[in-house]
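In the numbering used here, the protein residues as written are 4 to 286.
Set out below in structure tokens:
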């Protein structure tokens, strides 16, 4: 029996349908949700993601303004944009594309974002809210997308054992905290974890977020598991793939997200949901 494919499009579509109604309600009150994007240099993938955000935002009625600077832009120029967005009442959400050019001080710039506008959860105050169970800011979008994916496919986290592989502040750590808040028992693993395959096999739910192409094969999984592959990698042949060896793992587990076609669409939908929520909080 083949695994259920947990595709991202149905999840994203459900989020967008809800957002369209919420945006209409905000407009009736004279509020127009607006997202500001800041990109400094960046890759072709960043440019494609920016275009995707703009396209999806237009469909649900969220306005987007993009600030695109060259890779050799000064830190002062970026600071000025962030400070301007923080005080601009027409802007409800801000997203800073990362990684920033080396030497620019990415951490400090992320922490400059006003938490009520930090819709991708990159600042310290937003992350503290995730760990403390408060909502001053927002959770990182990809971490939140993991929970949205599980909810949409009817996977109840309560009482389940979840293993999260990867300890970044972008996905691993906040995803673990969000699942813990849903009463899962969470094991957070990393490159120094002893006997990682055994821990992964024992889990009900496995989240792979290491950024290592096809690093996890059949030996890491067991029958009936739910697997969220958050990896966005390019292998040695230039093929876009996840952290999981899909061909080897899909026949074993109960459900799995494909790459591409899985988490990416949900992450974008969550970003726009955060912008709408920020506008609702303001209104």
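No residue lacks a Cβ here, since even glycine has one placed at the ideal position from N, Cα and C. Bear in mind the structure is a predicted one, so any value in this text is a computation, not a measurement.
Length of the line joining the Cα atoms of residue i and residue j
{"i": "residue 73", "j": "residue 109", "result": "16 Å"}
{"i": "residue 115", "j": "residue 201", "result": "41 Å"}
{"i": "residue 35", "j": "residue 103", "result": "29 Å"}
{"i": "residue 282", "j": "residue 33", "result": "11 Å"}
{"i": "residue 48", "j": "residue 208", "result": "29 Å"}
{"i": "residue 139", "j": "residue 286", "result": "16 Å"}
{"i": "residue 89", "j": "residue 65", "result": "18 Å"}
{"i": "residue 13", "j": "residue 80", "result": "40 Å"}
{"i": "residue 228", "j": "residue 136", "result": "27 Å"}
{"i": "residue 288", "j": "residue 178", "result": "With the chain represented from 4 up to 286, any question about residue 288 goes unanswered, as that position is not in the structure."}
{"i": "residue 51", "j": "residue 31", "result": "32 Å"}
{"i": "residue 243", "j": "residue 266", "result": "14 Å"}
{"i": "residue 280", "j": "residue 204", "result": "37 Å"}
{"i": "residue 71", "j": "residue 54", "result": "12 Å"}
{"i": "residue 127", "j": "residue 247", "result": "30 Å"}
{"i": "residue 249", "j": "residue 20", "result": "30 Å"}
{"i": "residue 239", "j": "residue 28", "result": "48 Å"}
{"i": "residue 58", "j": "residue 95", "result": "18 Å"}
Exposure of residue i, with buried meaning 16 or more beta-carbon neighbours within 10 Å
{"i": "residue 93", "result": "exposed"}
{"i": "residue 15", "result": "buried"}
{"i": "residue 237", "result": "exposed"}
{"i": "residue 132", "result": "buried"}
{"i": "residue 217", "result": "buried"}
{"i": "residue 6", "result": "buried"}
{"i": "residue 46", "result": "exposed"}
{"i": "residue 105", "result": "exposed"}
{"i": "residue 11", "result": "buried"}
{"i": "residue 268", "result": "buried"}
{"i": "residue 121", "result": "buried"}
Whole-Å CB distance - residue i paired with residue j, under 8 Å assumed
{"i": "residue 230", "j": "residue 270", "result": "Between residue 270 and residue 230 the Cβ distance is about 17 Å, and since that is not below 8 Å, they are no contact."}
{"i": "residue 278", "j": "residue 38", "result": "5 Å"}
{"i": "residue 141", "j": "residue 124", "result": "5 Å"}
{"i": "residue 63", "j": "residue 56", "result": "No, residue 63 and residue 56 are not in contact; Cβ-Cβ is about 11 Å, not under 8 Å."}
{"i": "residue 9", "j": "residue 258", "result": "5 Å"}
{"i": "residue 43", "j": "residue 76", "result": "6 Å"}
{"i": "residue 251", "j": "residue 220", "result": "5 Å"}
{"i": "residue 168", "j": "residue 144", "result": "The pair is not a contact, with the Cβ atoms about 19 Å apart (cut-off 8 Å)."}
{"i": "residue 224", "j": "residue 189", "result": "Not quite, the Cβ-Cβ distance comes to about 18 Å (not below 8 Å), so this is no contact."}
{"i": "residue 17", "j": "residue 155", "result": "6 Å"}
{"i": "residue 151", "j": "residue 284", "result": "Not a contact, Cβ separation roughly 19 Å."}
Identity of the residue in the options nearest residue i by Cα
{"i": "residue 185", "options": "163, 56, 75", "result": "163"}
{"i": "residue 134", "options": "268, 204, 180, 99", "result": "180"}
{"i": "residue 149", "options": "139, 138, 137, 166", "result": "166"}
{"i": "residue 194", "options": "43, 170, 75", "result": "170"}
{"i": "residue 245", "options": "252, 239, 235, 251", "result": "235"}
{"i": "residue 147", "options": "6, 275, 284", "result": "275"}
{"i": "residue 263", "options": "256, 233, 132, 240", "result": "233"}
{"i": "residue 187", "options": "204, 119, 161", "result": "161"}
{"i": "residue 85", "options": "77, 97, 75, 60", "result": "97"}
{"i": "residue 87", "options": "30, 40, 17", "result": "40"}
{"i": "residue 175", "options": "152, 211, 155", "result": "211"}
{"i": "residue 183", "options": "239, 159, 117", "result": "159"}
{"i": "residue 107", "options": "78, 247, 59, 122", "result": "78"}
{"i": "residue 253", "options": "58, 226, 117, 121", "result": "226"}
{"i": "residue 222", "options": "240, 199, 241", "result": "199"}
{"i": "residue 61", "options": "83, 26, 117", "result": "26"}
{"i": "residue 129", "options": "172, 58, 196", "result": "172"}
{"i": "residue 82", "options": "117, 241, 153, 196", "result": "117"}
Residue i Cβ short of 8 Å to the ligand MG heavy atom set
{"i": "residue 201", "result": "Among the components of this structure there are no ligands whatsoever, and the ligand MG is therefore not found."}
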